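Accompanying notes for the structure given below.
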Amino acid sequence: MIEIKKISLNDLVALQTLSIKTFTDTFAKDNTPEDLKDYLDQAYTEKKLTSELQNKQSEFYFIYSDDQLAGYLKLNVNDAQTETIEENALEIERIYIDSDFKRLGLGKMLYSKAIERAKALNKTAIWLGVWERNFSAMKFYHKMGFTLVGEHSFYMGEDEQTDLIMKKKLN
Numbered sequence: 253m254i255e256i257k258k259i260s261l262n263d264l265v266a267l268q269t270l271s272i273k274t275f276t277d278t279f280a281k282d283n284t285p286e287d288l289k290d291y292l293d294q295a296y297t298e299k300k301l302t303s304e305l306q307n308k309q310s311e312f313y314f315i316y317s318d319d320q321l322a323g324y325l326k327l328n329v330n331d332a333q334t335e336t337i338e339e340n341a342l343e344i345e346r347i348y349i350d351s352d353f354k355r356l357g358l359g360k361m362l363y364s365k366a367i368e369r370a371k372a373l374n375k376t377a378i379w380l381g382v383w384e385r386n387f388s389a390m391k392f393y394h395k396m397g398f399t400l401v402g403e404h405s406f407y408m409g410e411d412e413q414t415d416l417i418m419k420k421k422l423n
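Residues in the sequence shown are numbered consecutively from 253, following this note's numbering.
Okay, here's the thing in structure tokens:
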């Protein structure tokens with residue numbers, strides 16, 4: 253059984269734990285331990301996550317597989333977006349699946365949730381940034397109808413990396 257639930261401030265510790273685990277699983281092999289630690293120590297503090305959870309222009313969702321926490325999604329609209337790509341758009345800032353639950357279609361379910369929310373909010377486009385070396389994610393987003401529209405810098409500790417900006421128009 254698969255279930256998607258909106259995250260509240262009561263879920264802070266679970267969100268922090270899952271965020272650190274999934275980010276580490278995804279990017280540790282391609283970054284130095286120092287840069288990874290620097291990033292994690294800034295991005296997933298209780299203070300920062302609390303602020304993000306309290307932002308009315310952001311939404312977080314957990315996905316569960318057979319009552320086990322398997323991944324999460326973070327969406328941003330309006331001023332919560334990390335940058336302005338299009339006037340009336342929704343940003344998928346984070347979509348992560350725990351490595352124990354990969355290849356079960358959960359990422360696609362979270363993506364579908366993002367599309368559902370974008371349409372409910374009358375958004376005309378959805379966009380995201382994906383690391384230029386995360387080939388499996390780029391392939392997935394391309395398959396879902398996203399196109400490359402730009403790039404921006406992303407810092408992993410002291411290491412400047414490039415995120416590709418991908419966007420999809422909504423009907």
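All C-beta atoms, glycine included, are put in the ideal place defined by N, C-alpha and C.
Since the structure is predicted, the reported quantities are computational estimates derived from the model, not experimental observations.
Here the C-alpha atom of threonine 334 lies approximately 11 Å from the C-alpha atom of serine 310.
Under the three-state reduction of DSSP, tyrosine 407 is assigned to strand. The C-beta separation of leucine 362 from tyrosine 313 comes to about 7 Å, placing the pair in contact by the 8 Å criterion. Taking a 10 Å sphere around the C-beta of alanine 372, we find fewer than 16 other C-beta atoms and assign the residue as exposed. In the structure shown, isoleucine 367 adopts helical secondary structure according to DSSP, grouped into three states. The alpha-carbon separation between isoleucine 367 and glycine 402 amounts to approximately 21 Å.
By the Cβ-count criterion, arginine 346 is buried, with 16 or more other Cβ atoms from all chains shown falling within 10 Å of its own Cβ.
Note: glycine 323 is bridge-paired with Ile315 and Ile349 in the DSSP secondary-structure output. DSSP places glutamine 413 in the strand class (E or B) of the three-state scheme. Contact check for aspartate 331 against methionine 408 fails: the beta carbons are separated by 9 Å or more. Taking one beta carbon from each stretch, the segment 375 to 394 and the segment 257 to 265 have fewer than 3 pairs nearer than 8 Å; the two do not touch. Secondary structure at lysine 375: coil, using DSSP grouped into helix, strand and coil.
The three-state secondary structure of glutamate 255, taken from DSSP, is strand. Going by C-alpha positions, aspartate 350 is about 33 Å away from glutamate 339. Between leucine 321 and the set Ser388, Leu416 and Ser271, the nearest pair of CA atoms involves Ser271. With a contact defined as Cβ atoms closer than 8 Å, leucine 327 and glutamate 304 miss out at about 11 Å.
Residue environment for serine 317: buried (at least 16 other C-beta atoms within 10 angstroms of its C-beta).
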